[in-house]
Amino acid sequence: MARRKDQERARRMILDAALTAVSDRGVGKLKIREVAEFAGVSPATVHYYFDDLDNLLREVHREASDRFFGGRLAMVATIPDARAKIGALIWAGLPASDSDLLVVALYRLAGYRSVAAEHGDLITALFEQQVAVYLSALEVGIAQGHFTIDAPLLDVAANLVALEDAYGLHIVSRNRSITKARAAELICAYARTATHCPDITTPEG
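For reference, each letter of the sequence shown is one residue, going 1 to 205 in full-length UniProt numbering.
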């Protein structure tokens, strides 16, 4: 059991180092040895846990899916009111600051060209997963009588995710005009308009 915990810690340390390396240096020319330097281990140790750089980058996508899909899906399952569901989804979908390394790494991966097809597929899958979570919350809101939506539900859900992505980029790019709270309020304003429901707010506002 102790060995397994040590391995899990080592794997976590290497993944954190990869996030830092991607955020600091980008993806196109990143090497395993650079990830090893950030982690303070040998390249052989990195290869022990991840066959190659692409395997390591796939793990970044998996972590993003756990956070922005699985984590949010579990969170909203505990919230009965659809208005609160939407607000909670918006808040959880935004980076807290420019130091949110997972989000920075995702934006870097979005521009990764050497294996663009695979990473493009993974980014598409994450987008569609997030749209599905919003779609479910919108359907609940209609069933509860809180939302009246004129546009196709899929379009509204996709716009909510796209707004998260757009404002998230401003946050991690250190645009001082767009804080997480400001971005959340702007997305909520769209959600209120799209659902004809004035009662959508985030947990922080």
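Every residue gets a Cβ at the ideal spot worked out from N, C-alpha and C, and that includes glycine.
The structure displayed is predicted, hence computed values, not measured ones.
Asked: CB contact flag (residue 201, residue 147, <9 Å); Found: no
Asked: Cα-Cα separation, residue 10 to residue 149; Found: 48 Å
Asked: Contact under 9 Å by Cβ, residue 106 with residue 90; Found: no
Asked: Inter-residue Cα distance where the pair is residue 45 and residue 159; Found: 42 Å
Asked: Whole-angstrom distance between residue 140 and residue 85, CA atom to CA atom; Found: 9 Å
Asked: DSSP three-state assignment for residue 12, whether helix, strand or coil; Found: helix
Asked: Residue 199 versus residue 193 - alpha carbon distance; Found: 11 Å
Asked: Coil, strand or helix - residue 173 by DSSP; Found: coil
Asked: Rounded separation between residue 50 and residue 28 - CA only; Found: 18 Å
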